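Everything in the sequence shown is counted per full-length UniProt numbering, starting at 1 for the first residue and increasing by one. Here the structure comes first, spelled out in structure tokens, and everything after it is commentary.
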Amino acid sequence: MGEPKTQKHDGDVDAFIDAVPDERRREDARTLCALMAEATGQPPVMWGPSIVGFGEYHYVYASGREGDWMKVGFSPRARNLTVYLMDGYEDRGAQLERLGPHRLGKSCLYLTRLDRVDLDVLRAMVEDSYRTPHPAEREDQP
1 MGEPKTQKHD GDVDAFIDAV PDERRREDAR TLCALMAEAT GQPPVMWGPS IVGFGEYHYV
61 YASGREGDWM KVGFSPRARN LTVYLMDGYE DRGAQLERLG PHRLGKSCLY LTRLDRVDLD
121 VLRAMVEDSY RTPHPAERED QP
């Protein structure tokens, strides 16, 4: 079994954000980084070449594969800000309705611009996700 491609490392988060080519996306990344740090109480950490994560948990699959992953994070992609909330979005209907324009993936929330979303709602989503134990962290799991 190989190592997961995306792993935590000691890359410079500020330098990564400073290198984002688009000025609006760069400013949004700075805002989102501060919001997530405040919401989680954790420092930002680079995961792979393009994800900024906060907190982490250890997982073990039934196959025996295991690793570590961030609890919440984001990536300033060319087309969107991608927000990662590891507990998903299934139970977030009311929050998503109030959030503003977005698209959803399995554990990804795609935002085009932060000035179009309600940052208080986004902060609450990040806080809720960070506090929710991942199944691998729960004591009732094998």
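All C-beta atoms in this analysis are idealised placements derived from N, C-alpha and C, irrespective of residue type, glycine included. Note that the coordinates shown come from a computational prediction; the quantities given were computed from them, not determined experimentally.
For ALA34 and LEU119, I'd like the C-alpha separation in whole angstroms.
Here residue 34 corresponds to residue number 34 of the sequence shown, with the count starting at 1. Here residue 119 corresponds to residue number 119 of the sequence shown, with the count starting at 1. If you take the alpha carbons of ALA34 and LEU119, they lie about 12 Å apart.
Thinking C-alpha only, which one of THR132, ARG30, ARG116, ALA62 is nearest VAL52?
One-based indexing of the sequence shown puts residue 52 at position 52. Residue ARG30 is the option with its Cα nearest to VAL52.
I'd like the ranges of any alpha helix (DSSP H) spanning at least 4 consecutive residues and lying wholly in the UniProt domain "YdhG-like" (25 to 128).
The UniProt domain "YdhG-like" (25 to 128) contains these whole alpha helix (DSSP H) runs: 93 to 99.
In whole angstroms, what separates the C-alpha of THR132 from that of GLY73?
Along the sequence shown, read from residue 1 onward, the residue named residue 132 stands at position 132. Along the sequence shown, read from residue 1 onward, the residue named residue 73 stands at position 73. Looking at the two C-alpha atoms, the distance is approximately 14 Å.
Note down, in chain order, each residue of its chain lying with its Cβ closer than 8 Å to the Cβ of ASP12, except the 5 sequence neighbours on either side.
Looking up residue 12 in the sequence shown gives position 12. Apart from sequence neighbours up to five positions away, the residues of its chain that approach ASP12 with a beta-carbon distance below 8 Å are MET46, ordered along the chain.
Using DSSP bridges, identify the partner residues of LYS8.
The sequence position of residue 8 within the sequence shown is 8, counting from 1. Looking at the DSSP output, LYS8 shares a beta bridge with TRP47.
Using only CA atoms, which one of LEU99, LYS8, VAL20 lies nearest to MET125?
Here residue 125 refers to the residue found at position 125 of the sequence shown. The shortest Cα separation from MET125 among LEU99, LYS8, VAL20 belongs to LEU99.
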